[in-house]
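Using the numbering used here, you'd call the opening residue of the sequence shown number 7 and step up by one each time. In what follows, a single structure is set out as C-alpha cells and then discussed.
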Amino acid sequence: MATTTTQPVLVYNRISQNRRKTWLLVVFAVLSIIPFIGGISFSAAAYTVSRFGHHSISQSDEERLRQEYWKEAGPGYQAEMERQWEGIERLRQARAEDVRLLWRVMPVYALAITAVLGLLFWSLASSPTSQVLAMCGARPASPAESEAKRLLENLAIGAGLPPPKLYVIDTPVPNAFAAGMDPLHSVVAVTQGLLALLDQRELEGVLAHELSHIGNRDTRLNTIVTTIVLFLRMPYLVRRRGINERREALSQGRAVNSRFRFSRLLMLPVYVYVFFIAPFLAAVMRAAISRTREFLADADAALLTRNPEGLLRALAKIRGAGSAGSESSVAIAHLYFSDPSKPSPLMRMLGSNLLATHPPIEVRMNRLIAGIPAKVNLIPFNPWPGSSFETSSGGAIDRFAHIVMDAGFASPVRSPR
C-alpha cells in the first residue's frame, strides 16, 4: 500500500525562497565582516611594526635635523654632515622596510582573526536555538501550562508539522516567538503575560502564526539572522561594557588611564564600524527579513485556525496591553510575534518605521481583514485615536462588530442602516 506524506497546510510556500535568502545572508555576513577584519588587522600590524620594526623618523624630524646641520655647517663640519645624512638615508630605508613589513604582517593577522571569528561564529551557529532560549530566559512548559501545550500540538497536527516543544518566559509582557533550524528541532515560546491575557481562540491564533513560521522555514532564516546580528554586535557589546566599567570606576573615584595613545587613533576606523556601521547593517537586515513575513504568517494562521477573529482579537489585546518593555535582546527582537523593543529616541523623533522589525499592529489587522473573502461583510472599526482600519467590503456582521469592544478598548463604529 502506498504511503502518503503529509504536507504543511499553509497559504504561502516560502521554503525555497527562504533557502535562497539564507545563502544571501551568508554572503552578506562575510561582506559585512571584511571591513572589521581589515581594520583590526591593520591596527595590530601597525602596532607590531612600531614595537618590533626599525626606528623610523618623520618628515618633521628630517627637516629639524637638516636645519640644525646647516646652521652649524662650516669647513670642518662637512664630513660630519655627510655622515649624518648617510644615517638619515639609512633611516629612510628602514622606514620603507617597515612599510613592507606592515603589508607582510597584516595578512597573517587577518588569517588569525578570521580563524578566531570563524570559531566564534560556529559556536553561536552550532546551537542557535538554545542560545536564543537562554537569552530570553525561557523554561520548558510546566504541567500548569498543559492546555497551551495541547493547543500547540493539535494545531501542529492540523498543519502537518511535528509538534514543537513549548517554552514559557516568566514575564508579564504578552508575546511569543518560534525558533529552530528545522521543524523537527523547532520550539515555540510564549510569555506568562500572553497566557494570562488571551483566551483559547486568541491563543490558537498566535500559536498558528508561529507554526506558519516553522512550516515555511522562517524560523531557520530568523535564527541565522539572530546569529549574524549577535556576531556583528558582539564587539559593540564588549566595548560598551568596557565604557560602563570605566564610567563606574570614575563615579567611585578610582584612577582611570586616560592617556592618549596613537593606537587608539589607528583604531578609529574600527570604532566607527563597530559603533555605527555594524549595528546599522544588523538593524537593516532584521527589518528587511522579518516585516513581510509577519503579514504572511498572519494569513496562514487565519487559514489554519479557520477563525481569523481569534487572531484579530489577539492582535487587538496585545496592542492595548503593549508588547514593548521586555528585557529581550535586540538581536532576537525580530523573532517575536509583536515587537518587544522600545523605539529609539532618534526613531521617535523622526517618526520613521524604516528599521522596525515588525509592521504596526493596526496595519497587520487591516491586512488580515482585507484578506477575508469579500462575501463576508465586516464592520470597519477604529479602536485607537489616529488609527485607520479599512475593509474591502462595505457591509457589516455582528461577530466582527464586537472584536475590539470585547477586548476592552473601544466600541466599534457601526455602519449606518
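From the three backbone atoms N, C-alpha and C, an ideal C-beta is built for every residue, glycine too. Remember, predicted model here, so these are calculated numbers, not experimental data.
- When DSSP states are grouped into helix, strand and coil, PHE183 belongs to the strand group.
- ASN181 is classed as buried because its beta carbon has at least 16 other beta carbons within 10 Å across all chains shown.
- Within the region 136-202, complete beta strand (DSSP E) segments of at least 3 residues are found at 144-146, 171-175, 182-185 and 193-197, given in chain order.
- The continuous alpha helix (DSSP H) containing ALA284 extends over residues 284-311.
- Of the residues assessed, ILE295 falls on the buried side of the cut-off, its CB having 16 or more other CB atoms within 10 angstroms.
- By the beta-carbon neighbour count (other beta carbons within 10 angstroms, threshold 16), PRO189 is buried.
- Taking a C-beta distance under 8 angstroms as the contact criterion, LEU236 and ALA284 do not qualify as a contact pair.
- Taking C-alpha positions only, ILE46 is separated from MET112 by approximately 9 angstroms.
- Taking 8 angstroms as the cut-off, the beta carbon of MET371 is found closer than this to the beta carbon of LEU321.
- A direct Cα-to-Cα measurement between ILE338 and ALA50 gives close to 32 angstroms.
- Counted as a single uninterrupted DSSP element, the alpha helix (DSSP H) harbouring HIS219 occupies residues 206-221.
- Exclusion of the five residues before and after PRO178 leaves GLY199 as the residues of its chain whose Cβ lies within less than 6 angstroms of its Cβ.
- Per the coordinates, the alpha-carbon of ILE175 lies some 6 angstroms from the alpha-carbon of VAL196.
- Just so you know, the alpha carbons of ARG319 and ALA202 end up roughly 14 angstroms apart.
- LEU227 is not a Cβ neighbour of VAL193, given a cutoff of 8 angstroms.
- Boundaries for LEU341: no alpha helix (DSSP H) harbours it, and the DSSP string shows neither H nor E there.
- Note on geometry: alpha-carbon atoms of LEU157 and GLU210 lie some 7 angstroms from one another.
- Taking the CA atoms as reference points, GLY316 sits about 5 angstroms from ARG207.
- Rounded to whole angstroms, the separation of the alpha carbons of ASP345 and ARG299 is 13 angstroms.
- Per the coordinates, the alpha-carbon of TYR173 lies some 10 angstroms from the alpha-carbon of PHE183.
- Between THR120 and ILE230, the C-beta spacing is not below 8 angstroms.
- From the listed residues LYS155, SER136, ALA52 and LEU37, the smallest Cα separation to GLU103 is found for ALA52.
- Judged by DSSP secondary structure, PRO314 falls within the alpha helix (DSSP H) whose first and last residues are 314-327.
- In the structure shown, SER133 falls within a coil segment according to DSSP collapsed to helix, strand and coil.
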